[in-house]
Ligand SMILES: C[S@@+](CC[C@H](N)C(=O)[O-])C[C@H]1O[C@@H](n2cnc3c(N)ncnc32)[C@H](O)[C@@H]1O
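In our numbering, the protein residues as written are 4 to 219.
Next comes the structure, spelled out in structure tokens:
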């Protein structure tokens, strides 16, 4: 492992806005009172990587709380450090496997979910690993407050189509669907936040897909 990566792994352990594994469990059901110390809505970014959505949404919406979730500590390090340096206090990062979300958040504790450029897992044998497979959607349904939105941005047309099919198969409410966000009417300030991977895909001239849906 490179020196820089090792340094980040060590440093991320010391950040007050990063919770690793078991350290995040005591906040289940009390992210507001226990972690953020306010009553504001709690929004999750799943597969957050370097946490661009988490930090930039937090800047745009100081009256909401944002938790970025990923298992890679060296990536979370970037977003957590930026939030600490810039005094963006309505941000936390949780270093866990997304599969274990229900150990960290109580039913109805989450207001909105963002899924940003997840690994598409195209092999049929890995369908269960897709972050919009039924196994994950069931968890999100439990965690979200009534009417809570799920937002998905992806460069991967197959993953986008798979999720759109799931939405129609299960009968979820589809609010926005576009295969070319930046040539659509939807590209506002929020949807124009760009992650590390998004910038890479845009350089490759890929189209950006976006879906917004809810369970009720
Ligand atoms: C392609 S990257 C996208 C990162 C970031 N959202 C971006 O757009 O730059 C996918 C991220 O998902 C994370 N990831 C994949 N599966 C995960 C899981 N089951 N639990 C937690 N993180 C996961 C990886 O560590 C990686 O950072």
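For glycine and all other residues, C-beta sits at the position ideal for the given N, C-alpha and C.
In this structure, the CA atom of residue 69 is about 10 Å from the CA atom of residue 91. Scanning 175, 158, 115 and 172 for the CA closest to the CA of residue 213 turns up 158. Scanning 178, 50 and 89 for the CA closest to the CA of residue 96 turns up 50.
In summary, residue 7 is exposed, with fewer than 16 beta-carbon neighbours lying within 10 Å of its beta-carbon over all protein chains present. In the structure shown, residue 165 falls within a helical segment according to DSSP collapsed to helix, strand and coil. Bounds of any alpha helix (DSSP H) do not take in residue 69; it lies within the beta strand (DSSP E) bounded by 68-73. Apart from sequence neighbours up to five positions away, the residues of its chain that approach residue 219 with a beta-carbon distance below 8 Å are 149, 150 and 176, ordered along the chain.
If you draw a 10 Å sphere on the C-beta of residue 105, you find fewer than 16 other C-beta atoms in it, and that means exposed. Runs of the beta strand (DSSP E) spanning 3 or more residues and lying entirely within the segment 62-133 occur at 68-73, 94-98 and 113-119, in chain order. At a cut-off of 7 Å, the beta-carbon of residue 120 counts as near ligand 1: some heavy atom of the ligand is closer than that. In the structure shown, residue 217 falls within a strand segment according to DSSP collapsed to helix, strand and coil.
When beta bridges are read from the DSSP output, residue 157 appears opposite 212.
Taking 7 Å as the cut-off, the C-beta of residue 23 does not count as close to any heavy atom of ligand 1. Residue 27 and residue 54 do not touch by the CB rule: their CB atoms are close to 15 Å apart, not below 8 Å.
With a cut-off of 7 Å, the C-beta of residue 95 is classified as distant from ligand 1, since no heavy atom of the ligand falls inside that distance.
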